[in-house]
Every structure is written in structure tokens, then in C-alpha cells.
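Asker: Here it is, the structure, as C-alpha cells.
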Amino acid sequence: MKLGLLRKIIGGILLVSIIVLVNWKPFQTYLQIPNQITVFQGQEVSFGKASPVSATVAQSPEKIILNQTEHLVSVSAKESGKSEVILDLAGIPIKKVDVNVLKGFKVYPGGQSIGVKLNTVGVLVVGHHQVETAAGKKSPGELSGIKVGDIITQINGQKIEKMSDVAPFVQEAGKSGKPLKIQISREKGQFKASLLPLKEKGTSSYKLGLYIRDSAAGIGTMTFYHPLSKKYGALGHVISDMDTKKPIVVEDGQIVRSTVTSIEKGSNGNPGEKLARFSDDREIIGNINRNSPFGIFGKLSKDIENGILDTPMPIALSHQVKEGPAKILTVVDNDKVEMFNIEIVSTIPQKFPATKGMVIKVTDPKLLAKTGGIVQGMSGSPIIQSGKVIGAVTHVFVNDPTSGYGVHIEWMLSEAGIDIYEKPKLKAS
């Protein structure tokens, strides 16, 4: 009995101690100290500490400049490489912080309105068509098991690249009565279909019973381009087919300059839209080799300027982005890039690539009056905070057009094939 009472008393004391410890401010500060920090050469990163704690550079001190106040440690980097900061209390080490210093890295911010043309891998099936024959209405494509969203890559062993490649096979098969051997690419893999075209009543032509498309076009906004590699990123989200709602599998594509002609203002439940046209000269300024959840990517063939921030700027990693004021670059009239005020409502310090890393809100009166907030076509508009490119606008909230999501710039750079974590090359001995 006494032993049970003693256990209860000890348990109570431990519970109270844990509650006191968890709510003790120095302990809370300790928990918030990161195990590792990443910083670009020439930049600074800070974290809090309790007043009795002191910090020293334990490894590679030549790479690090360390400043500390009673409650703050600031680390800036002189050289790329690895280092360590040790926190101690009364001479006893209590925490090690690994410091990863990256080489200085800069990109040009975008903001320009661009026209986008994507060419698919093969031809995309976007619907079924009922062919009116002497025996009634049928869709040969549907009967053969071909589905909306499938991509036809080969017919009778021959590669299919565009819609005009299909017609000769269809007419020949219809006249000969021999079914087409069709190679299909689908999300779950490859499969083959056998399809016999049917003759349309009252005509001499044969039909597949499928609606197909080999390209898609639209507008968006340039996010960044890298001056050394000429690689760029735009849009900040995947381009999906408007009929199938599935991501377009890209063979190749092109981007051109575009001009915003008018704005359909957004309202609750009704996202607005930039209305734009491709520039008259339709001059190709870059290619497209990737369409991913983080945007479209390729290389520029022409130099472009935004006329407002035409100097390379550093970037911020996801853990360096802060809640608070920021700006975006975008076009709302003709081809003039302008800067507008926004607020970073929340940001997630992501360790792995993911979309929707930030929630943003438009606060600029001029932009709100013109667009109502975030509108379609604004996706890809670069977000600038504290003199750094931190990401891009991606989506609007349907029920609140003043707000939406943003993606962190580091994931777009990775998708573009730019390695910001590249290790410095060893010097020859």
C-alpha cells in the first residue's frame, strides 16, 4: 500500500517537473535551435539562444563569421564548405549545429507574360466520337478499349508525332479491312489495341471514333532564368489538358513573348483571368523540355528583360522565407512588368520537394483594383522578399481571390536541372 502511494507521489513529481521543463523558456529556446543550417556564401542566418549560452565555431572557423547577442546567434559565410557551431553552458557543450555553406548563387527574376505551346508525345485522346454508319452509331476507338487521356504513340509500328500522321493509316485500314495495330501510352504503362476504322454514312471517309490533339497553347508568367546555363522556370504548376484534366506529357514545346490585352477581374467563387495574345512576331524565345508539378522548364534562346529588376538576385531557401511583407513581379497591362505588394501569410520550411509551400495574400491596392487579387495567367509570377527571389505564385483560392499558394524557388531550380547544392571542385595540386 505504501509502495503504491510512493509510486504515485514520484509519478506526480515527474509529471510536474516535465510540465515545468516544457514551459521553461530556455528549454523552449533550446528545442528551436536547428541541428543543421544551410546558408549561401555572403549571406547570414540567425537563430535564438538562451542568455547564459555562448556559441563558438568549432570546425573550419575561416569559413564562418559568428556574431552573438544575449538571445541571438548570427552566422554568415565567407567560403563554401562545411563547418560546425558549438553552443555551451558554463563551459559544457549542450548543442552542435552543422553549418552547410553553399556557393553564392543568383538568378534573374522574371515577371514577363509568356505564350506557351506544348507538343505532346504522340497524339492525345481527348474524347470519343460516335461514327454514324449504315448499321448505327458506334465508336471504334471506345470499343477497342482506348480511353480518354491515352496517348497514341505508334500505328502499325510507325511512330506517331502529330495528328496529320494518323489520317493516312485510318483510310488505308478502312479500305483494306485490316485493323490498325495501335501502341498506347497510359499512366499505368504501355499496351496495344486493335482498331478497325468505320466508314461514315453518306461519305467515303473512315473514322476512328476518337477526338485527338497533338498540341496545347496558353499563357503564363516567367519566374526566373539562370544567366550561366540559360535555363529557366515558369508557371510554378503543371499544365494539364483542358479536356482530360491530366498532365500533358511533353515531347517538346516553345515559349514566345505575349501581350496582356485585358483582365477578367476575380471574385469569390469565380477566379479571374488574364486575357492575352502571342506577340505579333511570334518569335520563339526558348524551348520547353519539361512539364512538371513545379512548372515548365527549358532553355532560353533569346535574352529577356523585365525592365524593373534586370540584375541577378540571390535566392532564399524554404527555411529562410519569413512571414510578412513581400512583392511579386507580373504583367497586368500590355507587356509592362510591374511590382506589387503581397503578404506571406504562412510558409513551410520544406526538406523535400513539394508544391504549395507558402500561402500568400495580395495587399497592393492597385493590383486589387485591377484584378481582384490572383488571376489565371499570373501563375509563375516571381515572389521577392528582402532582396531575394523566394518562389512563385501558383494557385488562387477559389473562395478568396486575394489569396493563394506559392511554391519555393529551390524546388523550381531543381526541376530546371540546376544544382544549387553542387559541391565546389577540388583544386589541382
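Per the UniProt record's numbering, the sequence shown runs over residues 1 to 429. The C-beta atom is built at its ideal place from N, Cα and C for all residues, glycine as well.
1. Compute the beta-carbon to beta-carbon distance between Leu124 and Ile151, rounded to the nearest angstrom, for a pair I have assumed lies under 8 Å.
2. I need the straight-line Cα distance from Leu196 to Pro140, nearest angstrom please.
3. Just to check my reading of the structure: Val126 and Ile212 have Cβ atoms closer than 8 Å, yes? What is that Cβ distance to the nearest angstrom?
4. DSSP three-state call for Gly295: helix, strand or coil?
5. Take every Cβ of the segment 359 to 376, pair it with every Cβ of the segment 224 to 244, and state whether three or more of those distances are shorter than 8 Å.
6. Quick one: what's got a C-beta closer than 7 Å to Ser80's C-beta in the same chain, skipping five residues either side?
7. So Ile409 and Val389 are in contact, right, with Cβ under 8 Å, and what is the actual spacing, rounded?
8. Three-state secondary structure (DSSP) at Lys366?
9. Report back the beta-carbon spacing between Leu329 and Gly111 to the nearest angstrom; my notes put them in contact at under 8 Å.
10. Determine the DSSP secondary structure at Tyr348, reduced to helix, strand or coil.
11. Buried or exposed for Leu72, going by 16 or more other Cβ atoms inside 10 Å?
12. How would you label Lys78, buried or exposed, when you count the other beta carbons within 10 angstroms and need 16 or more for buried?
13. With three or more beta-carbon pairs closer than 8 Å as the criterion, would you say the segment 306 to 325 touches the segment 270 to 286?
14. Can you have a look at Glu142 and say buried or exposed, based on whether 16 or more other CB atoms are within 10 angstroms of its CB?
15. Quick check on DSSP: helix, strand or coil for Gln36?
16. Taking the alpha carbon of Glu84 as the reference point, which residue from Ile92, Lys96 and Ser381 has its own alpha carbon closest?
17. Contact between the segment 343 to 359 and the segment 251 to 259: three or more CB pairs below 8 Å?
18. Within the same chain, show all residues whose beta-carbon is closer than 6 Å to that of residue 437, passing over the 5 residues directly before and after it, in chain order.
19. When you compare each of Pro312, Asn399, Pro93 and Ser51 to Phe228 by their alpha carbons, which one comes out closest?
20. Nearest to Val36 by alpha carbon, out of Pro168, Ala50 and Lys82?
21. Under DSSP, the alpha helix (DSSP H) around Ser414 begins and ends at which residues?
22. My understanding is that Tyr108 touches Tyr225, with C-beta atoms under 8 Å, so please give their C-beta distance in whole angstroms.
23. From which residue to which residue does the alpha helix (DSSP H) around Ser171 run?
24. Can you have a look at residue 430 and say buried or exposed, based on whether 16 or more other CB atoms are within 10 angstroms of its CB?
25. Nearest to Phe105 by CA position, among Gly177, Leu317 and Gly373, is which residue?
26. Evaluate Lys245 with the Cβ neighbour count: other Cβ atoms within 10 Å of its Cβ, from every protein chain shown; 16 or more gives buried, anything less gives exposed.
27. Can you find the residues in the same chain that come closer than 6 Å, C-beta to C-beta, to Asn119, ignoring five residues on each side of it along the sequence?
28. By the three-class DSSP mapping on this structure, what secondary structure does Ile418 have?
29. Within a Cβ cutoff of 7 Å, which residues of the same chain sit near Leu368, ignoring the five residues on either side of it in sequence?
30. Measure the CB-CB distance between Lys175 and Glu132 and report whether it falls below 9 Å.
31. Counting C-beta neighbours from all protein chains within 10 Å, is the total for Arg277 16 or more, i.e. buried, or is it exposed?
32. Can you find the residues in the same chain that come closer than 6 Å, C-beta to C-beta, to Tyr206, ignoring five residues on each side of it along the sequence?
33. Output the distance between the C-alpha atoms of Asp400 and Lys178, rounded to the nearest integer angstrom.
34. Three-state secondary structure (DSSP) at Thr394?
35. Answer yes or no: do Ser113 and Gly220 have a C-beta to C-beta separation smaller than 9 Å?
36. Whole angstroms are fine: how far does the CA of Gln320 sit from the CA of Gln130?
Answerer: According to the structure data:
1. Locating residue 124 in the sequence shown gives position 124, where the first residue counts as 1. Locating residue 151 in the sequence shown gives position 151, where the first residue counts as 1. Sure, about 6 Å apart at Cβ, within 8 Å.
2. As a first step, residue 196 is located in the sequence shown; it is residue number 196 there, counting from the start. As a first step, residue 140 is located in the sequence shown; it is residue number 140 there, counting from the start. Leu196 and Pro140: Cα-Cα distance of roughly 7 Å.
3. Mapped onto the sequence shown, residue 126 falls at position 126. Mapped onto the sequence shown, residue 212 falls at position 212. Their Cβ separation, rounded to whole angstroms, is 7 Å, which keeps Val126 and Ile212 in contact under 8 Å.
4. Here residue 295 refers to the residue found at position 295 of the sequence shown. Gly295 falls in the strand class under three-state DSSP.
5. no
6. Position 80 of the sequence shown, counted from the first residue, corresponds to residue 80. Contacts found: Gln41, Val101, Leu102, Lys103 and Pro424.
7. Position 409 of the sequence shown, counted from the start, is the residue given in the question as residue 409. Position 389 of the sequence shown, counted from the start, is the residue given in the question as residue 389. Between Val389 and Ile409 the Cβ distance is about 5 Å, and since that is below 8 Å, they are a contact.
8. Working through the sequence shown from its first residue, we reach residue 366 at position 366. Lys366 falls in the helix class under three-state DSSP.
9. In the sequence shown, counting from the first residue as 1, residue 329 sits at position 329. In the sequence shown, counting from the first residue as 1, residue 111 sits at position 111. Rounded, the Cβ-Cβ distance is 3 Å, consistent with contact.
10. Walking along the sequence shown from the start, residue 348 turns up at place 348. Note that residue 348 is Ile in the sequence shown here, rather than Tyr. It is coil, neither helix nor strand.
11. As a position in the sequence shown, residue 72 is number 72, starting the count at 1. By the neighbour-count rule (16 or more Cβ atoms within 10 Å), Leu72 is not buried but exposed.
12. Taking the first residue of the sequence shown as position 1, residue 78 is located at position 78. Label assigned to Lys78: exposed.
13. no
14. Within the sequence shown, numbered from 1, the residue matching residue 142 stands at position 142. The residue in question, Glu142, is buried, as its Cβ has 16 or more Cβ neighbours within 10 Å.
15. Mapped onto the sequence shown, residue 36 falls at position 36. It is a strand residue.
16. Within the sequence shown, the letter at position 84 stands for residue 84. Among Ile92, Lys96 and Ser381, the Cα nearest to that of Glu84 belongs to Lys96.
17. no
18. Not covered by the structure: residue 437. The range shown for the chain is 1 to 429.
19. To locate residue 228, count along the sequence shown from 1; it is residue 228. In the sequence as displayed, the identity of residue 228 is Leu instead of Phe. The option with the nearest alpha carbon to Leu228 is Pro312.
20. Here residue 36 is taken as the residue at index 36 of the sequence shown, counted from 1. As written in the sequence, residue 36 is Gln, which differs from the Val given in the question. Ranking Pro168, Ala50 and Lys82 by Cα distance to Gln36 puts Lys82 first.
21. Taking the first residue of the sequence shown as position 1, residue 414 is located at position 414. Ile409 to Glu415 is the span of the alpha helix (DSSP H), which, as asked, contains Ser414.
22. Counting from 1 along the sequence shown, the entry for residue 108 is found at position 108. Counting from 1 along the sequence shown, the entry for residue 225 is found at position 225. Indeed, because the Cβ distance is near 5 Å, the residues count as touching under 8 Å.
23. Your numbering for residue 171 matches position 171 in the sequence shown. It should be noted that the sequence gives Gln, not Ser, for residue 171. Unbroken alpha helix (DSSP H) run through Gln171: Val166 to Ser176.
24. Residue 430 is absent from the structure shown; the chain starts at 1 and stops at 429.
25. The residue you call residue 105 lines up with position 105 of the sequence shown. Comparing Cα positions, the closest option is Leu317.
26. Position 245 of the sequence shown, counted from the start, is the residue given in the question as residue 245. When all chains shown are included, Lys245 counts as exposed.
27. In the sequence shown, the residue the question calls residue 119 occupies position 119. The residues are Ser215, Glu251, Asp252 and Gly253.
28. In the sequence shown, counting from the first residue as 1, residue 418 sits at position 418. It is coil, neither helix nor strand.
29. Within the sequence shown, numbered from 1, the residue matching residue 368 stands at position 368. Excluding residues within five positions, the ones whose Cβ falls inside 7 Å are Val362 and Thr402.
30. The residue given as residue 175 occupies position 175 in the sequence shown. The residue given as residue 132 occupies position 132 in the sequence shown. Not in contact: Lys175 and Glu132 (Cβ atoms no closer than 9 Å).
31. By one-based count along the sequence shown, residue 277 stands at place 277. So Arg277 ends up on the exposed side.
32. On the sequence shown, residue 206 is found 206 positions in, with the first residue counted as 1. Within the same chain, Tyr206 has close Cβ partners Val170, Gln171, Gly174, Pro197 and Lys199.
33. As a working note, residue 400 is residue 400 in the sequence shown. As a working note, residue 178 is residue 178 in the sequence shown. So the alpha carbons of these two residues sit roughly 56 Å apart.
34. Here residue 394 refers to the residue found at position 394 when the sequence shown is read from its first residue. If DSSP states are grouped into helix, strand and coil, Thr394 belongs with the strands.
35. Taking the sequence shown and counting its residues from 1, the one referred to as residue 113 is at position 113. Taking the sequence shown and counting its residues from 1, the one referred to as residue 220 is at position 220. The answer is yes: Cβ separation under 9 Å.
36. As a position in the sequence shown, residue 130 is number 130, starting the count at 1. As a position in the sequence shown, residue 320 is number 320, starting the count at 1. Gln130 and Gln320: Cα-Cα distance of roughly 56 Å.
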